[in-house]
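Peer 1: A single structure is presented below for examination.
Chains as they are written, first to last, in the working numbering: chain W, -16 to 499; chain Y, 43 to 105.
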């Protein structure tokens, strides 16, 4: 069934009639990133005003693949379980070369984690759930639809924003402006910031179709990827399932494509039939796009903070766009809160350093995948095709096939906010079953010491302490000795072999220290 | 012969480096690069039996 795009209500903002008190944070953009940031801040008691030029969720499914780490962050924000319930959990993936299956792989959830490796869920559902969650905080989140930001001025200690509404223009002031206004970020363009990177010439066509039954040989939601399928010679194709019996088809179109001509019902109908056969279908949405891999030199410019696609864009292979953006939010929320409450803007420099590190990793992985999928010379095509042929027989060649390296939690090992070089340091929280609950349920966005033995751990004031029960999962994931300190975003920032309050306080101070 | 993955975690980076080495070459130059590279890898391996096995395996299904 087609999604019902109900518009969100617009109300005339108070700034039209009288000056508004200065807002702590103005968030530009009510997509998944802006909304998630508003909720993260609200859960920490920080008020924000969210400004969006539109009044409806994402038109089209757009970002659909949500990774385990993202779901764990969304769990903390109060929408993870709803996403899991509605989403399609990945099970089996198959990779084909021509008509032959090269290999299949298991995407089944690993036992002992609340969330699976990946789910598919349309971006419009994610935005709807986030808007509804934001409405749980009427005193902290001021959602303003049809409020288009047309200008801003950074005064050094606050930012003034100019805004247009159906009832006229007004301005407001905020301590910080968070630009979550997407790949084409008007904020970034207004500031004239360089946004450089690799542009790919290939066009890709994405089509969502609603089908009466699965096009796979099973009703299980498989994920099929083809190099040079018989129905689409010489190019790549991907087919996977979303909720509501909607299937996503991704087709590589090559560089000499007319995007306007391709995105028509007449052109796509034979393409769809070539893949799914004679089954009836309803065309839900389609889009032809080109992409590039690019990022800002800095994500923090004075009082303006770039989050998500406004700061970095990647190719879609590996699902590193939306998932990367949510990791930005996770990294920024507690730092921005601390900066506002303690007057220490230096901590935001660590957001800049850590998330540029994450963005570089995402760009590297997605560029390599794109290069593998779109060979740009006869010799690259030769290597690619021979890799695919060897892969039917030889495991080493399978590992070289790159149809996208899926989004992983960013590792912050070796970055200055972390202490020591224990292998756990820098990793994101690894989930564990705790009776009928999960570790991700019980860690609530504050500094937390996880004790791995019963050596009599105590923590300084303001830190939470949680003893992880012994068991095979704890042994395998954390070991059975010492303790680890979690940052508010769930990254492990220090390991302690024995109880030592001073060492714990020192590690926390280092994480909050500001200068990277 | 090692036909299981022996490159982890460097496979993607090495594949990218190999493509980079061909960047800007004509087809004939790429052909020459491949020949040189195989000869150098043969010497690097330094093991006649293993190299002969690799030759057989690489030639399988081609002719």
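For every residue, glycine included, the Cβ atom is placed at its ideal position computed from N, Cα and C.
It should be emphasised that the depicted structure is a prediction, and the values quoted were computed from it without experimental measurement.
Report the option in W/257, W/478, W/352 whose CA atom is closest to the CA atom of residue 436 of chain W.
Peer 2: Within the first chain, numbered from 1, the residue matching residue 436 of chain W stands at position 453. Minimum Cα distance to residue 436 of chain W is reached at W/478.
Peer 1: Can residue 502 of chain W and residue 53 of chain W be called in contact, C-beta distance under 9 Å?
Peer 2: Limits of chain W in this structure are -16 at one end and 499 at the other, which puts residue 502 of chain W out of reach.
Peer 1: Could you say which of W/223, W/382, W/288 lies nearest to residue 332 of chain W if we only look at CA atoms?
Peer 2: As a first step, residue 332 of chain W is located in the first chain; it is residue number 349 there, counting from the start. Closest option to residue 332 of chain W, Cα to Cα, is W/288.
Peer 1: What in chain W is Cβ-close to residue 53 of chain Y, meaning under 7 Å?
Peer 2: For the purposes of this step, residue 53 of chain Y is taken as residue 11 along the second chain, with counting starting at 1. 382, 383, listed in chain order.
Peer 1: Got a sec? Which residues, its chain only, sit under 7 Å from residue 203 of chain W by beta carbon, not counting five neighbours each side?
Peer 2: Here residue 203 of chain W corresponds to residue number 220 of the first chain, with the count starting at 1. Counting only Cβ-Cβ distances below 7 Å, and skipping sequence neighbours, we find 74, 75.
Peer 1: Under 9 Å between C-beta atoms, does residue 58 of chain Y make it to chain W?
Peer 2: To locate residue 58 of chain Y, count along the second chain from 1; it is residue 16. Closer than 9 Å: yes.
Peer 1: Report yes if the C-beta distance between residue 144 of chain W and residue 9 of chain W is below 9 Å; otherwise report no.
Peer 2: In the first chain, residue 144 of chain W corresponds to position 161, counting from 1. In the first chain, residue 9 of chain W corresponds to position 26, counting from 1. The beta carbons of residue 144 of chain W and residue 9 of chain W sit closer together than 9 Å.
Peer 1: As an exercise, report each continuous alpha helix (DSSP H) stretch of at least 4 residues that is fully enclosed by the stretch 45 to 114 of chain W, in chain order.
Peer 2: 51 to 60, 63 to 69
Peer 1: Over what stretch of residues does the beta strand (DSSP E) that includes residue 7 of chain W continue unbroken?
Peer 2: Stepping through the first chain from its first residue, residue 7 of chain W is reached at position 24. Element bounds for residue 7 of chain W: 6 to 11.
Peer 1: Quick check on the burial criterion: 16 or more other C-beta atoms within 10 angstroms. Buried or exposed for residue 384 of chain W?
Peer 2: Position 401 of the first chain, counted from the first residue, corresponds to residue 384 of chain W. Flag for residue 384 of chain W reads buried.
Peer 1: What are the boundary residues of the beta strand (DSSP E) that includes residue 78 of chain Y?
Peer 2: Here residue 78 of chain Y refers to the residue found at position 36 when the second chain is read from its first residue. Careful: residue 78 of chain Y lies outside any beta strand (DSSP E), inside the alpha helix (DSSP H) at 69 to 87.
Peer 1: Please report the Cβ distance between residue 218 of chain W and residue 194 of chain W, rounded to the nearest whole angstrom; I am assuming they are in contact, meaning their Cβ atoms lie under 8 Å.
Peer 2: By one-based count along the first chain, residue 218 of chain W stands at place 235. By one-based count along the first chain, residue 194 of chain W stands at place 211. Residue 218 of chain W to residue 194 of chain W, Cβ: 22 Å. No contact.
Peer 1: So if DSSP puts residue 148 of chain W in a beta bridge, which residue, or which two residues, is it bridged to?
Peer 2: For the purposes of this step, residue 148 of chain W is taken as residue 165 along the first chain, with counting starting at 1. DSSP output for residue 148 of chain W lists W/151 as bridge partner(s).
Peer 1: Between residue 184 of chain W and residue 277 of chain W, what straight-line distance do the alpha-carbon atoms span, to the nearest angstrom?
Peer 2: For the purposes of this step, residue 184 of chain W is taken as residue 201 along the first chain, with counting starting at 1. For the purposes of this step, residue 277 of chain W is taken as residue 294 along the first chain, with counting starting at 1. Using only the alpha carbons, I get a separation of about 14 Å.
Peer 1: Just checking, does the stretch 16 to 32 of chain W make contact with the stretch 167 to 177 of chain W on the three C-beta pairs under 8 Å criterion?
Peer 2: Output reads no: the stretch 167 to 177 of chain W does not touch the stretch 16 to 32 of chain W.
Peer 1: Thinking residue 157 of chain W and residue 170 of chain W are a contact (beta carbons under 8 Å), I'd like their distance in whole angstroms, please.
Peer 2: Your numbering for residue 157 of chain W matches position 174 in the first chain. Your numbering for residue 170 of chain W matches position 187 in the first chain. Contact doesn't hold; Cβ gap of about 13 Å is too wide.
Peer 1: Which value, in whole angstroms, describes the spacing of the CA atoms of residue 404 of chain W and residue 221 of chain W?
Peer 2: Here the question's residue 404 of chain W lines up with position 421 in the first chain. Here the question's residue 221 of chain W lines up with position 238 in the first chain. Taking the straight line joining both Cα atoms gives about 40 Å.
Peer 1: Determine the direct distance from the alpha carbon of residue 40 of chain W to that of residue -10 of chain W, and round the result to whole angstroms.
Peer 2: Position 7 of the first chain, counted from the start, is the residue given in the question as residue -10 of chain W. Position 57 of the first chain, counted from the start, is the residue given in the question as residue 40 of chain W. Spanning the two alpha carbons is a distance of roughly 8 Å.
Peer 1: DSSP state of residue 319 of chain W, grouped into three classes?
Peer 2: Taking the first chain and counting its residues from 1, one reaches residue 319 of chain W at position 336. In the structure shown, residue 319 of chain W sits in a helix (DSSP, three-state: H, G or I).
Peer 1: Apply the 10 Å Cβ neighbour rule to residue 167 of chain W and answer buried if 16 or more other Cβ atoms are within range, or exposed otherwise.
Peer 2: Reading the first chain from its first residue, position 184 is the one you call residue 167 of chain W. It counts as exposed.
Peer 1: Contact between the stretch 315 to 326 of chain W and the stretch 467 to 485 of chain W is defined here as three or more beta-carbon pairs at a separation below 8 Å; is this criterion met?
Peer 2: yes
Peer 1: For residue 64 of chain Y, which residues in chain W fall below 9 Å Cβ to Cβ?
Peer 2: Counting from 1 along the second chain, the entry for residue 64 of chain Y is found at position 22. In chain order: 360, 362, 363, 366.
Peer 1: Pull up the distance between the alpha-carbon of residue 303 of chain W and that of residue 340 of chain W, whole angstroms please.
Peer 2: One-based indexing of the first chain puts residue 303 of chain W at position 320. One-based indexing of the first chain puts residue 340 of chain W at position 357. Straight-line Cα distance between these residues: approximately 14 Å.
Peer 1: Is DSSP giving residue 186 of chain W helix, strand or coil here?
Peer 2: In the first chain, counting from the first residue as 1, residue 186 of chain W sits at position 203. The three-state reading of DSSP puts residue 186 of chain W in strand, counting E and B together.
Peer 1: Specify the secondary structure class of residue 270 of chain W as computed by DSSP and reduced to three states.
Peer 2: Here residue 270 of chain W refers to the residue found at position 287 of the first chain. Shown here, residue 270 of chain W sits in a strand according to DSSP, grouped into three states.
Peer 1: Please list, in chain order, all residues of the same chain as residue 128 of chain W whose beta carbon is under 6 Å from its beta carbon, the five residues on each side excluded.
Peer 2: Within the first chain, the letter at position 145 stands for residue 128 of chain W. Listed in chain order, the non-local C-beta contacts of residue 128 of chain W below 6 Å within the same chain comprise -9, -7, 35, 38, local neighbours out to five positions each way being set aside.
Peer 1: Where do the ends of the beta strand (DSSP E) carrying residue 278 of chain W lie?
Peer 2: The residue you call residue 278 of chain W lines up with position 295 of the first chain. Run containing residue 278 of chain W: 275 to 279, per the beta strand (DSSP E) assignment.
Peer 1: Mind checking which residues open and close the beta strand (DSSP E) that includes residue 219 of chain W?
Peer 2: Sequence index remark: in the first chain, residue 219 of chain W carries index 236 (1-based). Unbroken beta strand (DSSP E) run through residue 219 of chain W: 219 to 225.
Peer 1: Using the beta-carbon of each residue, which ones in chain Y are nearer than 8 Å to residue 388 of chain W?
Peer 2: Counting from one through the first chain, the residue named residue 388 of chain W turns up at place 405. In chain order: 54.
Peer 1: Can a CB atom of chain B be found closer than 9 Å to the CB of residue 88 of chain W?
Peer 2: No chain B appears in this structure, whose protein chains are W and Y.
Peer 1: May I ask which residues mark the beginning and end of the beta strand (DSSP E) holding residue 137 of chain W?
Peer 2: Walking along the first chain from the start, residue 137 of chain W turns up at place 154. Residues 131 to 137.
Peer 1: List the residues of chain W whose Cβ lies closer than 9 Å to the Cβ of residue 49 of chain Y, in chain order.
Peer 2: If you number the second chain from 1, residue 49 of chain Y lands on position 7. What residue 49 of chain Y touches in chain W: 379, 382, 383.
Peer 1: Taking a contact to mean a Cβ-Cβ separation below 9 Å, would you say residue 415 of chain W touches residue 451 of chain W in this structure?
Peer 2: One-based indexing of the first chain puts residue 415 of chain W at position 432. One-based indexing of the first chain puts residue 451 of chain W at position 468. Cβ distance < 9 Å, so residue 415 of chain W and residue 451 of chain W count as in contact.
Peer 1: Taking C-beta to C-beta, are residue 375 of chain W and residue 85 of chain W nearer than 9 Å?
Peer 2: Translated into the one-based positions of the first chain, residue 375 of chain W becomes position 392. Translated into the one-based positions of the first chain, residue 85 of chain W becomes position 102. Contact: yes.
Peer 1: Exposed or buried, which one is residue 427 of chain W when buried takes at least 16 other CB atoms within 10 Å?
Peer 2: In the first chain, the residue the question calls residue 427 of chain W occupies position 444. By the neighbour-count rule (16 or more Cβ atoms within 10 Å), residue 427 of chain W is not buried but exposed.
Peer 1: Could you tell me whether the stretch 185 to 192 of chain W touches the stretch 146 to 157 of chain W, where touching means 3 or more Cβ pairs closer than 8 Å?
Peer 2: no
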